[in-house]
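Following: one structure in structure tokens, then a few remarks.
In UniProt numbering, the protein residues as written are 1 to 275.
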């Protein structure tokens, strides 16, 4: 499935322009000025809302019901959404457990910078990556590694359909320290294989600085209760084996934040080709 968005545009041919001109002239003679002004403003606004709603549906299934009521709910939260999702990590709470992240802790190398520009991302809930999608091989290896991990830690980890997105493959902690989404650690979007997860603010800063993901716009903090925690982020889809190795470390950081335990996610190595 290729996720795309349609730009807002209005095309008028000669007959449409003629009809519009006649209606405008007739309105100036037979309709009160304030009513005519309201109609002139309402028509493009209605077309803009229609295009925005259709783009919402094009993002595919997600946590928000694909209905106009669900779309209106997102319009409300859009007014309070984060404006800068690339350079503003959340502030760690004083009594947060675990107290620190692990991506820059002692004994761990800093993340390398992600090569190339950031991908295009659209939507709020669902939120999807529009380009630079993962290969089928990368997704298969990541999923196999996660399933192998749950077999190694059956009392701590399990897999199931995401309870946040209600679609897609998810990893869960059986005994989470930071409980949100029924212990969900992360989930993968079926369409383009980007991911959502919660990370410690220290690790969010590292991810943002190195370009591997961005904060979710609805992970805001204010007088309006946000639908997502401030630690919720999007991690971009792995384009190749090098990306996959880094994303495995980020998933380990998500596990660390959710259940305060360090585990190692081993990605299966590619089999050597026979000459």
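Cβ coordinates follow ideal geometry from the N, Cα and C atoms, glycine included. From a predicted model like this one, the values you see are computed outputs, not experimental measurements.
message: Nearest by alpha-carbon distance to residue 12: which of 21, 5, 6, 4 is it?
response: Mapped onto the chain shown, residue 12 falls at position 12. Taking only the C-alpha atoms, the option nearest residue 12 is 21.
message: I want to know whether the segment 155-172 touches the segment 94-108 - three or more CB-CB distances under 8 Å.
response: With the rule of 3 Cβ pairs closer than 8 Å, the segment 155-172 does not count as touching the segment 94-108.
task: For the segment 176-216, list the beta strand (DSSP E) runs that are entirely contained and at least 3 residues long, ordered along the chain.
output: DSSP runs (the beta strand (DSSP E)) wholly in the segment 176-216: 184-188, 195-198, 213-215.
field: Sequence-distant residues of its chain with Cβ nearer than 6 Å to residue 134 (five each side left out)
entry: To locate residue 134, count along the chain shown from 1; it is residue 134. For residue 134, where only same-chain residues beyond five positions count, the Cβ hits under 6 Å are 193, 237, 238.
task: Kindly indicate which three-state DSSP category residue 45 falls into: helix, strand or coil?
output: Here residue 45 refers to the residue found at position 45 of the chain shown. Three-state DSSP puts residue 45 in a helix.
- request: Measuring alpha carbon to alpha carbon, tell me which of 179, 30, 245 ends up nearest residue 269.
  value: If you number the chain shown from 1, residue 269 lands on position 269. If you compare the alpha carbons of 179, 30, 245 with that of residue 269, the shortest gap goes to 245.
query: What's the C-alpha gap between residue 274 and residue 197?
result: As a first step, residue 274 must be located in the chain shown, where it is residue number 274. As a first step, residue 197 must be located in the chain shown, where it is residue number 197. Since pLDDT at residue 274 reaches only 48, below the 50 mark, its modelled position is unreliable, and the value read off the structure follows with that caveat. Distance between the alpha carbons of residue 274 and residue 197: 38 Å.
Per-residue DSSP class, three states only, for residue 8: If you number the chain shown from 1, residue 8 lands on position 8. DSSP places residue 8 in coil when its eight states are reduced to three.
task: Indicate whether the contact test is met: 3 or more Cβ pairs, each with one atom in the segment 42-53 and one in the segment 166-184, closer than 8 Å.
output: No: the two stretches stay apart, fewer than three of their Cβ pairs being nearer than 8 Å.
- prompt: Where DSSP assigns a beta bridge to residue 172, which residues make up the other side?
  reply: In the chain shown, residue 172 corresponds to position 172, counting from 1. 158, 184, per the DSSP bridge assignment.
- request: Quick one: grab the DSSP three-state call for residue 91.
  value: As a working note, residue 91 is residue 91 in the chain shown. In the three-state reduction of the DSSP assignment, residue 91 falls in the coil class, being assigned neither a helical nor a strand state.
message: Assess contact between the segment 145-154 and the segment 84-96, defined as three or more Cβ pairs (one per stretch) separated by less than 8 Å. Is contact present?
response: Contact between the segment 145-154 and the segment 84-96 is absent: fewer than three C-beta pairs spanning the two stretches fall below 8 Å.
query: Tell me the DSSP bridge mates of residue 232?
result: Start at 1 with the first residue of the chain shown, and residue 232 comes out as number 232. According to DSSP, residue 232 bridges with 198.
task: Please work out which residues of its chain come closer than 7 Å, Cβ to Cβ, to residue 212, disregarding the five sequence neighbours upstream and downstream, and give them in chain order.
output: Taking the first residue of the chain shown as 1, we reach residue 212 at position 212. Correct list, in chain order: 111, 114, 235, 236, 246, 250.
Minimum C-alpha distance to residue 221 - residue among 79, 255, 118: Reading the chain shown from its first residue, position 221 is the one you call residue 221. For the residues 79, 255, 118, the minimum Cα distance to residue 221 belongs to 79.
field: Boundaries (first-last residue) of the alpha helix (DSSP H) holding residue 239
entry: Counting from 1 along the chain shown, the entry for residue 239 is found at position 239. If you look at residue 239, you'll find it isn't in any alpha helix (DSSP H); DSSP assigns it neither H nor E.
task: For my contact list, residue 4 and residue 130 are in at a C-beta cut-off of 8 Å; report their separation, rounded to the angstrom.
output: Walking along the chain shown from the start, residue 4 turns up at place 4. Walking along the chain shown from the start, residue 130 turns up at place 130. Correct: roughly 7 Å between the Cβ atoms.
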